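These notes concern the structure reproduced below.
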Amino acid sequence: MKVDSHLKRCKNCGKWTDGKLDHCNHCDHELDVEYKKEVQKRMDLGDPKLPIIQVRDHDPLWIKIAKRPIQVAQLILYAIMAFLVYLTTTFAH
Ligand SMILES: [Zn+2]
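With this note's numbering applied, the sequence shown covers 13 to 105.
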């Protein structure tokens, strides 16, 4: 049986259905649930809610000077972490 590339097999009823649709046109089962979960997972990982030291305007000058390198180091660290997450998710398959 030749299978068109746009066809997908429904995991619920096992029939081939149009892959451009969100739901199987035989049983209305949602298609690509795993794929959507994976996309959601990557978005969660790619957007880490980590606090970064904030320099406030009313801080004394020495605190601003002391905080600046910490802030830069944090940004570099987060950039490296985001890159590693990107690598692991890209080559996990
Ligand atoms: Zn189905």
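The beta-carbon is built from N, C-alpha and C at its ideal position, and this holds for glycine as well. These numbers were taken from a predicted model, which means no experiment stands behind them.
Three-state class that DSSP yields for residue i in the structure shown
{"i": "Arg80", "result": "helix"}
{"i": "Leu89", "result": "helix"}
Near ligand 1: residue i beta-carbon under 7 Å from a heavy atom
{"i": "His41", "result": "yes"}
{"i": "Lys27", "result": "yes"}
{"i": "His38", "result": "yes"}
Straight-line gap, residue i to residue j (C-alpha atoms, nearest Å)
{"i": "Gln83", "j": "Lys48", "result": "35 Å"}
{"i": "Asp69", "j": "Ile75", "result": "11 Å"}
{"i": "Cys25", "j": "Asn37", "result": "10 Å"}
Cβ-heavy atom distance, residue i to ligand 2, below 7 Å
{"i": "Leu33", "result": "Looking for ligand 2 in the displayed structure turns up nothing; the ligands present are ligand 1."}
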